[in-house]
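Working notes, beginning with the structure itself.
Take a look at the structure:
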């Protein structure tokens, strides 16, 4: 999954999606999506393997969308592209869909190299700067209390403390300014107009780019064809309800973007079938909420409900994301009046179905 751990059983994947492109880009190469729009891939390693990034002809240069992480391998791939398939033409603008390191990791390097500006939403930029500022800092007490309340044991909390502040290590020094983009804004890139469609839940102000003329939607992590983006509660907003934000955003994308677009996602291959995929994602989370409510007939901590939400075993490296996503579902149930929360004398949170 994109930054996440939620698996979808094979029986749930039978959605009518079409993958019309017969080839995918080789490292350092491109595949033409439509005239003036190129598909590229940057290495990630791990289960995701790569992230899709995009180049759009922009007059005598290019506008890029997303960058990959800050690694030597990614930098080499970009250098090969700049000298090769991108024809030595300059980057005029860099669009970033959202704050996660696989999307913004080399934004500072590319914008300094070409003396261009990052175009992204304000909340994504500001939150990214906030997280990068944690690099090298000790884990705050609020965060330790947050994971203690979730039911983590001392070993898990000690591991969290040892790893805290690693977000910024995958990000080149951020640009000191941006060109803010906003929901509904129309931006001319080359010969076509692209409309900004903002979602939230996976991140606070995620920007997709929709081109009606070309029938293309660059969806980032907002809509992926085979994996479900992580939707988590974090220590910075322990009472947040990002799952409601996410479900609302998915329904909104369906209203704003027609079904006949070719979706250009950050992970997996471009596909046709946007509305079917959006419906599937919404149904999947609603089913998860129903399963979770059933489990809460008896009081449970957030770490006790993984089996209701995830098909895979949650190993220590996945504990943080699994806990965040479980809390997103629990907070959603509490917000809907379908669950209650109580804290014991040790500060641990216990959830119970409201109708239990």
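Residue numbers (the numbering used here): 2 to 357.
Cβ atoms here follow ideal geometry from the backbone N, Cα and C, with glycine treated the same way.
Check: Which one of 183, 144, 162 and 134 has the shortest CA to CA distance from residue 124?
Finding: Scanning 183, 144, 162 and 134 for the CA closest to the CA of residue 124 turns up 183.
Note to self: Out of 80, 304, 309 and 305, which one is the CA nearest neighbour of residue 292?
What the structure shows: Checking every option, the nearest Cα to that of residue 292 belongs to 309.
Notebook entry, point to check: Considering only residues of the same chain and omitting the five flanking positions on each side of residue 165, which have a CB-CB separation below 8 Å?
Noted result: Excluding residues within five positions, the ones whose Cβ falls inside 8 Å are 135, 138, 139, 140 and 144.
Check: Going by beta carbon distance, what residues of the same chain come within less than 6 Å of residue 74, once the five residues before and after it are set aside?
Finding: Once the five neighbours on either side are set aside, the close Cβ partners of residue 74 are 44.
Checklist line | Cutoff 7 Å; reference residue 296; Cβ partners in own chain excluding five residues on either side | finding: Once the five neighbours on either side are set aside, the close Cβ partners of residue 296 are 306 and 309.
Check: Hey, residue 199 and residue 98 are a contact pair by Cβ (cut 8 Å); roughly how many whole angstroms apart?
Finding: Contact flag wrong, Cβ pair sits at about 10 Å.
Next item on the list: Figure out for me which residue from 268, 332 and 333 has the closest Cα to the Cα of residue 47.
Entry: Cα-wise, what sits closest to residue 47 is 268.
Checklist line | Alpha carbon of residue 299 to alpha carbon of residue 356, nearest angstrom | finding: C-alpha separation (whole angstroms): 11 Å.
Note to self: Assuming the contact rule is C-beta atoms closer than 8 Å, residue 217 and residue 265 should be a hit. Round their C-beta distance to whole Å, please.
What the structure shows: Indeed, because the Cβ distance is near 6 Å, the residues count as touching under 8 Å.
Notebook entry, point to check: Apart from the five residues on each side of it in sequence, which residues of its chain come closer than 6 Å, Cβ to Cβ, to residue 162?
Noted result: Cβ within range, chain order: 140.
Next item on the list: Starting from the C-beta of residue 115, find all residues in its chain whose C-beta is less than 7 Å away, skip the five residues before and the five after it, and write them out in chain order.
Entry: Taken in chain order, the residues that qualify are 91 and 92.
Check: DSSP state of residue 346, grouped into three classes?
Finding: Residue 346: coil per DSSP, three-state reduction.
Item checked: Best match in 251, 146 and 96 for proximity to residue 195 [C-alpha to C-alpha] -> Nearest option by C-alpha distance: 96.
Note to self: Using the three-state DSSP reduction, which class does residue 245 fall into: helix, strand or coil?
What the structure shows: In the three-state DSSP reduction, residue 245 falls in the helix class (H, G or I).
Next item on the list: Would you list, in sequence order, the uninterrupted alpha helix (DSSP H) runs of no fewer than 4 residues that lie entirely inside the segment 112–186?
Entry: Here the runs fully enclosed are 123–133, 142–150 and 155–164.
Notebook entry, point to check: Taking all protein chains shown into account, do 16 or more other C-beta atoms lie within 10 angstroms of the C-beta of residue 345, making it buried, or fewer, making it exposed?
Noted result: Counting Cβ neighbours within 10 Å, residue 345 comes out exposed, since fewer than 16 surround it.
Notebook entry, point to check: Where does residue 203 fall in DSSP's three states?
Noted result: The answer is coil: DSSP assigns residue 203 none of H, G, I, E or B.
Notebook entry, point to check: How would you write the range of the beta strand (DSSP E) that residue 57 sits in, first residue to last?
Noted result: For residue 57, the enclosing beta strand (DSSP E) has its first and last residue at 50–59.
Check: Could you give the distance in angstroms between the alpha-carbon of residue 233 and the alpha-carbon of residue 226?
Finding: Put simply, the backbone Cα of residue 233 is about 20 Å away from that of residue 226.
Item checked: Local Cβ density within 10 Å of residue 317, reported as buried at 16 or more and exposed below that -> Its Cβ having fewer than 16 others within 10 Å, residue 317 is exposed.
Next item on the list: For my contact list, residue 22 and residue 277 are in at a C-beta cut-off of 8 Å; report their separation, rounded to the angstrom.
Entry: Actually they do not touch by this definition, with Cβ atoms about 18 Å apart.
Margin query: Does residue 154 pass the burial test, meaning 16 or more other C-beta atoms within 10 Å, or should it be called exposed?
Written below: Counting other Cβ atoms within 10 Å of its Cβ, residue 154 stays below 16 and is therefore classed as exposed.
Item checked: Residues bridged to residue 193 [DSSP beta-bridge criterion] -> Per DSSP, 190.
Check: If you check the beta carbons only, do residue 171 and residue 106 fall under 8 Å apart?
Finding: Their beta carbons are under 8 Å apart, which means residue 171 touches residue 106 by this criterion.
Notebook entry, point to check: How many angstroms separate the CA atom of residue 83 from the CA atom of residue 89?
Noted result: Distance between the alpha carbons of residue 83 and residue 89: 5 Å.
Next item on the list: State the DSSP-derived secondary structure class of residue 88, mapped to helix, strand or coil.
Entry: Here residue 88 sits in coil by DSSP.
Check: Can you tell which of 103, 112 and 111 has its C-alpha closest to the C-alpha of residue 129?
Finding: Looking at the Cα atoms, 103 is the closest of the given residues.
Note to self: Quick check: the Cα distance between residue 112 and residue 301, rounded to an integer number of angstroms?
What the structure shows: C-alpha of residue 112 to C-alpha of residue 301: approximately 48 Å in a straight line.
Check: Cβ of residue 229 less than 8 Å from any chain C Cβ?
Finding: Checking the listed chains, one finds no chain C in this structure; it contains a single protein chain.
Check: Going by beta carbon distance, what residues of the same chain come within less than 8 Å of residue 1, once the five residues before and after it are set aside?
Finding: Within the shown structure, residues of the chain are numbered from 2 to 357, placing residue 1 beyond reach of any answer.
Notebook entry, point to check: Taking the runs of the beta strand (DSSP E) that are 3 residues or longer, which of them lie wholly in the segment 209–282?
Noted result: You should have 217–221 and 263–266.
Item checked: Cross-strand partners of residue 96 (DSSP beta bridge) -> Residue 96 pairs with 66 and 120.
Notebook entry, point to check: By how many angstroms is the C-alpha of residue 36 removed from the C-alpha of residue 61?
Noted result: Between residue 61 and residue 36, the C-alpha separation is close to 15 Å.
Item checked: Coarse secondary structure for residue 301, derived from DSSP in three states -> Residue state for residue 301 is assigned as strand, using DSSP reduced to three classes.
Next item on the list: Assign residue 316 to one of three DSSP states: helix, strand, or coil.
Entry: Coil, per DSSP.
Check: Since residue 44 sits in a beta bridge, which residues does DSSP pair it with?
Finding: Looking at the DSSP assignment, residue 44 forms a beta bridge with 51.
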